[in-house]
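J.:
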Amino acid sequence: MMIHMTYRSGDYKVKGYLSLPDGYSVELVQLQAQVRQYYDAEEMPMQVIACNRERETRDIRGRKWPVLIYCRGGIGRVGQVKTEWLERFSRCGFIVFAPVYRGTEGGEGRDEFGGGDMEDVPAACRLLASLDFIDPERMSAMGFSRGSVNAAYAAAETDYIKQLVLWGGVSDLTKTYEERVELRRMLKRVVGNPAKVPGAYEARSPVCMAERIHCPVLIIHGQEDAQVDVSHGLNMYERLKEIGADVDMHLYEGYGHHMPPEMHMKAIQRMFEWIRSHELLG
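Per the working numbering, the sequence shown starts with residue 225, numbered consecutively.
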């Protein structure tokens with residue numbers, strides 16, 4: 225079961241996707257009541273957009289579930305939430321929530337490629353933690369590509385994120401500006417020129433947040449990634465190692481920014497094995 229829902233982030237009503245494991249469902253009226261109560265009776269529209277492959281005969285509210293926050297890449301309509309990824313993640317026995325970031329899919333505000341929209345992830349964490357079928361002590365975040373900025377920020381600024389995964393993630397936005405000539409116009413418009421506003425780029429760079437991240441970190445990167453060079457992952461790994469953080473790395477030789485479905489599913493399963501192993505250690 226997958227639900228397209230509205231939630232509040234700061235002054236804005238923004239959008240996100242909630243995906244449940246195969247075979248599980250929640251009564252929409254019950255979920256709406258919990259969300260309404262959290263927001264002091266403010267209405268937050270939501271709708272079911274898909275059902276799982278398995279017949280949904282079990283109520284998700286029967287126990288507390290772990291959650292993966294999936295932070296998408298791109299900006300605006302480029303790199304939108306991949307609902308097929310949500311389904312793959314949910315098959316591993318996790319509830320998945322994917323913020324789409326403000327200004328997208330009917331949400332209010334403006335996506336700043338890691339500016340004010342970074343608050344969209346902590347805001348989602350707070351809402352999820354209030355739901356009676358969520359275990360707030362088993363909340364992890366995965367940032368893909370640009371989403372590493374938003375996921376790392378949530379881990380650095382809140383205690384909600386117990387495990388952080390950076391998959392094909394940007395670690396230094398100034399480096400991205402230098403490497404991706406085709407993105408410079410967008411970055412100048414949205415963030416500014418790094419020569420004039422270096423602080424804006426540092427604030428959006430996970431490598432600059434490293435000392436504030438206190439949970440275990442997994443870095444996943446394709447060695448042939450042409451969109452976010454593998455050096456981003458390696459540099460983040462080295463920085464975390466340098467400060468004594470709990471960090472692991474899964475490198476995929478011969479693969480780029482996106483993997484074919486079968487390999488992607490293997491990498492996802494390996495990621496969840498890592499998350500579960502660190503839940504046990506925690």
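Positions of the beta carbon are idealized from the N, C-alpha and C atoms, including for glycine.
Less than 6 Å between the CB of Asp470 and some heavy atom of the ligand PLP, yes or no?
T.: In terms of ligand content, the structure shown is empty, and the ligand PLP therefore cannot be addressed.
J.: Check Gln387 in the structure and name its three-state DSSP category.
T.: strand
J.: Exposed or buried, what is Ser364 when buried is set at 16 or more other beta-carbons lying within 10 Å of its beta-carbon?
T.: The residue is buried, with at least 16 neighbouring Cβ atoms inside 10 Å.
J.: Along the chain, where does the beta strand (DSSP E) that runs through Cys295 open and close?
T.: 289 to 295
J.: Do you know how far the Cα of Ser233 is from the Cα of Val345?
T.: 8 Å
J.: On the DSSP letters alone, give me the boundaries of the beta strand (DSSP E) that Phe368 sits inside.
T.: 358 to 368
J.: Is the distance from the Cβ of Ile499 to the Cβ of Cys439 below 7 Å?
T.: no
J.: Between which two residues does the beta strand (DSSP E) harbouring Ser233 extend?
T.: 226 to 233 is the span of the beta strand (DSSP E), which, as asked, contains Ser233.
J.: Decide if Ala379 is buried, meaning its Cβ has at least 16 other Cβ atoms within 10 Å, or exposed.
T.: Label assigned to Ala379: buried.
J.: So the candidates are Arg334, Val272, Arg404; which of them puts its Cα closest to the Cα of Gln451?
T.: Arg404
J.: Only counting the same chain, and skipping five residues up and downstream in sequence, which positions put a Cβ closer than 8 Å to that of Lys412?
T.: none
J.: Could you give the residue range of the alpha helix (DSSP H) that holds Ser314?
T.: 307 to 314
J.: Considering Pro323, what are the terminal residues of the beta strand (DSSP E) in which it resides?
T.: 319 to 323
J.: Pick from Arg463, Pro323, Ile444: whose alpha carbon is nearest that of Pro430?
T.: Arg463
J.: Relative to the C-alpha of Ser314, which candidate in Gly457, Arg370, Arg350, Pro290 has its C-alpha closest?
T.: Pro290
J.: Where does Asp344 fall in DSSP's three states?
T.: Assignment of Asp344 by DSSP, reduced to helix, strand and coil, places it in the helix class.
J.: Counting C-beta neighbours from all protein chains within 10 Å, is the total for Gly317 16 or more, i.e. buried, or is it exposed?
T.: exposed
J.: On the three-state DSSP scale, how would you describe Met495?
T.: helix
J.: Since Gly173 contacts Leu351 with CB under 8 Å, what's their CB separation in whole angstroms?
T.: Since the first residue of the chain shown is 225 and the last is 506, residue 173 is not available in this structure.
J.: Quick one: grab the DSSP three-state call for Gly331.
T.: Three-state DSSP puts Gly331 in coil, outside helix and strand.
J.: Using the beta-carbon count (16 or more within 10 Å), is Asn374 buried or exposed?
T.: buried
J.: Given this structure, state the Cα-to-Cα distance separating Glu497 from Met268, to the nearest angstrom.
T.: The alpha-carbon of Glu497 is positioned some 34 Å away from that of Met268.
J.: State the DSSP-derived secondary structure class of Met483, mapped to helix, strand or coil.
T.: If DSSP states are grouped into helix, strand and coil, Met483 belongs with coil.
J.: Would you mind sorting Ala347 into buried or exposed? The rule is 16 or more other CB atoms within 10 Å of its CB.
T.: buried
J.: Using only the alpha-carbon positions, how far apart do Asn417 and Gly327 sit?
T.: 22 Å
J.: Report the residue from Val302, Leu458, Ala469, Asp356 whose alpha carbon sits nearest the alpha carbon of Ala434.
T.: Ala434 has its Cα closest to that of Ala469, out of Val302, Leu458, Ala469, Asp356.
J.: Ordered along the chain, which non-local residues of its own chain (more than five positions away) have a Cβ less than 8 Å from that of Gln256?
T.: Met268, Met270
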